[in-house]
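*Asks:* If you scroll down you'll find the structure; I have some questions about it.
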């Protein structure tokens, strides 16, 4: 058993790291549209374990003994795993950071890249011998450096955007707004994507001293004044999608000229490695388990990169970036198809979590599970986590919500937000009767209004058909 572990432990760690990379590639983008606990847990676990197993494999490679005899080819196969591990540490395109705080660690990731690259070069140097098989190291190493470098570039780009406005910025935004207001295109619904991107580009609250938002706020609102509730929510969905991509994925760097060029070079390097491996190893040592394992792993890596490359060219960012190239007939047909398919995508879970405070307080705290959790001091944390219930967000509520927002903005009349519920009550003429409920302490006010909502919901439950908005109270 120990001999089997010594022979295959490195390969096992690399394989586990690759499996978690696949999970991240799929669930990383799924996390944008789903708030399910299972999705969040598997994404979080894979995010941590992928780099953990890759680091373990790299650590074992630094102490493994390499046989440099001409007859042995295991040395080349084991050493080839080193740049492959560097590729795995780069993370898939769909997730560079699990939380916003991870974006501030780009400097540390640069140091990690330098150290990891040094270890990889040292491993390759230890295993080096004069043979044509060693040429496979170079394209794989290029792909690994590009992949890891993209992750660092994406992490650092989140907060490194220049916040100082120049005259060119004003001209660019004004030109883009003019194109949106006088939109003429052969592609239906393309303006929805452009409006969403314009609104996203004007509002970046994660950047300190961002000056575009107050200057272009009136333009942001004008873009959706004449839109239907369905279009407004779709534009908002797209806008939030752009925000998510900037904060948690490689989108800010991939959809640039340099980013696309690097991705193509990295992909071609992987294909070159796979082709060279088939020619140098696979045909001569077809039945060797190490060769079969490495070949299967390379096939999996190439397929994963192919999947990510296809997603790269089928996203909302491509639609926005290609807007100025509509004179090309082939691109025009491609964009028509891409816009049509993109509008059918699921962009969020379309559910609302509801927390019933009264039911939470009256719930039975004595089940055996909570007694066990209470022993570890985790009972209340789990009760709060399990208490909310999710329900579908009905279409008719979108119209009600936008109507109330317009009434509120009319009532506010551009004044700063210095009132706490008074304007909302004024819309319905209830300020005199209910003003006491918003003048008390904020936490007490929340409890009072929660109880009032609870009572109103159950007392008017039989009238739900006449007033459908009560069903989501």
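Residue numbers (this note's numbering): 11 to 483. C-beta atoms are modelled at their ideal positions from N, C-alpha and C, and glycine is treated no differently.
Relative to the alpha-carbon of residue 326, which residue among 317, 121, 357 and 125 has its alpha-carbon at the smallest distance?
*Replies:* When only C-alpha atoms are compared, the closest one is 357.
*Asks:* Check whether the Cβ atoms of residue 144 and residue 283 lie closer than 7 angstroms to each other.
*Replies:* Contact flag unset, no.
*Asks:* Short check: CB of residue 304 to CB of residue 87, under 7 angstroms?
*Replies:* Cβ distance < 7 angstroms, so residue 304 and residue 87 count as in contact.
*Asks:* Spell out the partners DSSP gives residue 364 in its beta bridges.
*Replies:* Looking at the DSSP assignment, residue 364 forms a beta bridge with 399.
*Asks:* Is it the case that the region 255-271 contacts the region 427-434, given that we only count it when at least three CB pairs across the two stretches are under 8 angstroms?
*Replies:* Result no; under three Cβ-Cβ pairs closer than 8 angstroms.
*Asks:* Classify residue 451 as helix, strand or coil using the three-state DSSP reduction.
*Replies:* Coil at residue 451, not helix or strand.
*Asks:* So, does the region 421-429 touch the region 391-402, judging by three or more C-beta pairs under 8 angstroms?
*Replies:* Counting Cβ pairs under 8 angstroms, fewer than three are found: no touch.
*Asks:* Starting from the Cα of residue 389, find the closest Cα among 320, 64, 399 and 370 and give me that residue.
*Replies:* Nearest C-alpha to residue 389: 370.
*Asks:* So, are the CB atoms of residue 97 and residue 153 less than 7 angstroms apart?
*Replies:* Against a cut-off of 7 angstroms, the Cβ pair of residue 153 and residue 97 comes out as a contact.
*Asks:* Would you decide whether residue 209 is buried or exposed? Buried here means 16 or more other CB atoms lie within 10 Å of its CB.
*Replies:* With 16 or more Cβ atoms within 10 Å of its Cβ, residue 209 is classed as buried.
*Asks:* Residue 134 by DSSP, collapsed to three states: which one?
*Replies:* Residue 134 falls in the helix class under three-state DSSP.
*Asks:* What does a CB cutoff of less than 6 angstroms around residue 476 pick up in its chain, not counting 5 residues either side in sequence?
*Replies:* Caution is warranted here: a pLDDT of 48 is assigned to residue 476, below 50, making its placement in the model unreliable, and the coordinate value is therefore given only provisionally. No residues qualify anywhere along the chain.
*Asks:* Alpha helix (DSSP H) containing residue 240: first to last residue?
*Replies:* Segment 239-258, the alpha helix (DSSP H) holding residue 240.
*Asks:* Counting Cβ pairs closer than 8 angstroms, one from the region 401-411 and one from the region 236-243, do we hit at least three?
*Replies:* Judged by Cβ distances under 8 angstroms, the region 401-411 makes contact with the region 236-243, as three or more pairs qualify.
*Asks:* Near residue 361, what residues of its chain come up, given a Cβ to Cβ distance below 7 angstroms and the 5 sequence neighbours on each side ignored?
*Replies:* Within the same chain, residue 361 has close Cβ partners 400, 401, 402 and 403.
*Asks:* Going by CA-CA distance only, name the one from 138, 418, 166 and 34 that's closest to residue 257.
*Replies:* The shortest Cα separation from residue 257 among 138, 418, 166 and 34 belongs to 166.
*Asks:* Buried or exposed: which applies to residue 124, given that a residue is buried once 16 or more other Cβ atoms fall within 10 Å of its Cβ?
*Replies:* The residue in question, residue 124, is exposed, as its Cβ has fewer than 16 Cβ neighbours within 10 Å.
*Asks:* Classify residue 340 as helix, strand or coil using the three-state DSSP reduction.
*Replies:* The answer is helix: DSSP assigns residue 340 an H, G or I state.
*Asks:* Kindly indicate the opening and closing residues of the alpha helix (DSSP H) around residue 50.
*Replies:* Residue 50 -> alpha helix (DSSP H) spans 47-73.
*Asks:* For the putative contact between residue 368 and residue 438, defined by C-beta atoms under 8 angstroms, what is the C-beta separation to the nearest angstrom?
*Replies:* About 24 angstroms separates the two Cβ atoms, so there is no contact after all.
*Asks:* If we ignore side chains and look at the alpha-carbon of each, how far apart do residue 127 and residue 324 end up?
*Replies:* Going by the C-alpha atoms only, they are around 32 angstroms apart.
*Asks:* Please classify residue 27 as buried or exposed, where buried requires at least 16 neighbouring CB atoms within 10 angstroms.
*Replies:* So residue 27 counts as buried.
*Asks:* Roughly how many angstroms lie between the CA atoms of residue 131 and residue 62, to the nearest whole one?
*Replies:* Cα to Cα, residue 131 sits roughly 20 angstroms from residue 62.
*Asks:* Does DSSP classify residue 356 as helix, strand or coil?
*Replies:* Reduced to three states, the DSSP call for residue 356 is coil.
*Asks:* Tell whether a beta-carbon distance below 7 angstroms holds between residue 38 and residue 109.
*Replies:* Going by C-beta atoms, residue 38 is not nearer than 7 angstroms to residue 109.
*Asks:* Rounded to a whole number of angstroms, what is the C-alpha to C-alpha distance between residue 121 and residue 354?
*Replies:* Cα-Cα distance, rounded: 42 angstroms.
*Asks:* Just mark residue 274 as buried or exposed, buried being the case when its beta carbon has 16 or more other beta carbons within 10 Å.
*Replies:* The residue is exposed, with fewer than 16 neighbouring Cβ atoms inside 10 Å.
*Asks:* Rounded to the nearest angstrom, what separates residue 80 and residue 318 at their Cα positions?
*Replies:* Because the pLDDT at residue 80 is just 46, under 50, the model does not fix this residue reliably, and the value given afterwards should be weighed accordingly. The alpha-carbon atoms of residue 80 and residue 318 are separated by roughly 38 angstroms.
*Asks:* How about residue 162 and residue 119: do their beta carbons lie closer than 7 angstroms?
*Replies:* Yes, the Cβ-Cβ distance between residue 162 and residue 119 is below 7 angstroms.
*Asks:* Taking the alpha helix (DSSP H) that residue 208 belongs to, which residues open and close that run?
*Replies:* Its alpha helix (DSSP H) spans residues 200-212.
*Asks:* Report yes if the CB atom of residue 207 is closer than 7 angstroms to the CB atom of residue 349, and no otherwise.
*Replies:* Not in contact: residue 207 and residue 349 (Cβ atoms no closer than 7 angstroms).
*Asks:* List the endpoints of the continuous alpha helix (DSSP H) containing residue 306.
*Replies:* Start and end: 299-322.
*Asks:* Tell me which same chain residues have a C-beta within less than 7 angstroms of the C-beta of residue 364, skipping the five on either side of it?
*Replies:* 398, 399 and 401, listed in sequence order.
*Asks:* So, are the CB atoms of residue 461 and residue 455 less than 7 angstroms apart?
*Replies:* No.
*Asks:* Using the Cβ count rule (16 or more neighbours within 10 Å means buried), how would you classify residue 315?
*Replies:* Residue 315 comes out buried.
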